[in-house]
Amino acid sequence: MELSIWEIVKTIIFGIVEGLTEWLPVSSTGHMILVDEFIQLNVTTQFKDMFLVVIQLGAILAVCVLSFEKLNPFSRWKTRHEKKLTWELWMKVIVACIPAAVIGLLFNDFMEEHFMTAYVVSATLIIYGILFIVVENYNRGRSPAVTDLSKLSYKTAFLIGVFQVLSLVPGTSRSGATILGGLLLGASRYVATEFTFFLAIPVMFGASMLKMVKFGFNYTGAEIVILIVGMLTAFIVSILSIRFLLRYIKRNDFKAFGWYRIALGIIVIAYLLLVGDPVKNNL
23 MELSIWEIVK TIIFGIVEGL TEWLPVSSTG HMILVDEFIQ LNVTTQFKDM FLVVIQLGAI
83 LAVCVLSFEK LNPFSRWKTR HEKKLTWELW MKVIVACIPA AVIGLLFNDF MEEHFMTAYV
143 VSATLIIYGI LFIVVENYNR GRSPAVTDLS KLSYKTAFLI GVFQVLSLVP GTSRSGATIL
203 GGLLLGASRY VATEFTFFLA IPVMFGASML KMVKFGFNYT GAEIVILIVG MLTAFIVSIL
263 SIRFLLRYIK RNDFKAFGWY RIALGIIVIA YLLLVGDPVK NNL
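In our numbering, the protein residues as written are 23 to 305.
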């Protein structure tokens, strides 16, 4: 493929969308599918499928950089007890990864083949938008049982991982599913969100590695540039997105994201009904 300035611009747009939506409970995969419906990268189908997943590596690095000290069990600045708590946090993350790892390996290809469409994304955007509003109303006036990440039990971590399985359906949002699960299981907004960030590290890294292995490592120069630009953009925007969300939830609930999901889902459905699927229209 020929790498033009327009292809770089489109790649940057994908990186911005990934960085903004990966950590907000609005579905990064859903937004990436929707963007792909209207902004087509001039690449092979196989590379594009891989790119839409591997671009998440940039977002993962943002979490690692921002939370390096908290996630580092070898830090010389930590006491023995703090190091022990860090190891326990990683064990809880691993436990929470088990459900999605098992179910994802079994059904990921089926989901990609049958559910990677704008219609599915719009439906799940609306459904989980409603759920966020319902759950926040349900929790109004209730005090969370878990207000510190170190107090999160292994059982609760595993159950949050079960909620993560729901994100196999595009448009659900991995962060949205796990945050909803955390809220329903008694975690505070901050704890549920922070655990979701850490849970993303092995999940997204594993998914990206599987995609890269499946695609192979025979990249053209243009494909390497697209991957680097996309991941770097996602990294920079993710830094801003994560900082924004952690500040936002200290004083606000998730209803705004619920309403956003509902509005976007309705707009997409209206567009598809009135104009049709842009990909099919171009076939």
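Every residue gets a Cβ at the ideal spot worked out from N, C-alpha and C, and that includes glycine.
Check                                                                                                         : Outcome
Exposure label - Tyr150; buried when at least 16 CB within 10 Å                                               : buried
Distance, Gly80 Cα to Ser260 Cα                                                                               : 8 Å
Nearest-angstrom Cβ-Cβ length linking Ile271 and Thr215, presumed shorter than 8 Å                            : 6 Å
Same chain, Cβ closer than 7 Å to Val301, neighbours up to 5 away in sequence not counted                     : Because the pLDDT at Val301 is just 48, under 50, the model does not fix this residue reliably, and the value given afterwards should be weighed accordingly. Taken in chain order, the residues that qualify are Glu59.
Counted within 10 angstroms of its Cβ, other Cβ atoms place Ile155 as buried (16 or more) or exposed          : buried
Residue nearest to Ile55 in terms of C-alpha spacing, selected from Val143, Glu245, Val31                     : Val143
Val157, DSSP secondary structure in three states                                                              : helix
Every unbroken alpha helix (DSSP H) within the stretch 159-197, with a cutoff of 4 residues, ordered by chain : 176-186
Nearest residue (CA-CA) to Ile291, options Ala278, Ile250, Leu46, Leu147                                      : Leu147
Neighbourhood of Tyr141 by C-beta, 7 Å cutoff - its chain only, sequence neighbours within 5 removed          : Leu294
Limits of the unbroken alpha helix (DSSP H) element including Arg269                                          : 243-270
Limits of the unbroken alpha helix (DSSP H) element including Phe227                                          : 211-237
Through-space distance from Asn130 to Tyr241, alpha-carbon basis                                              : 24 Å
7 Å Cβ shell around Val76 - same chain, five flanking residues per side excluded                              : Ser230, Lys233, Met234, Leu249
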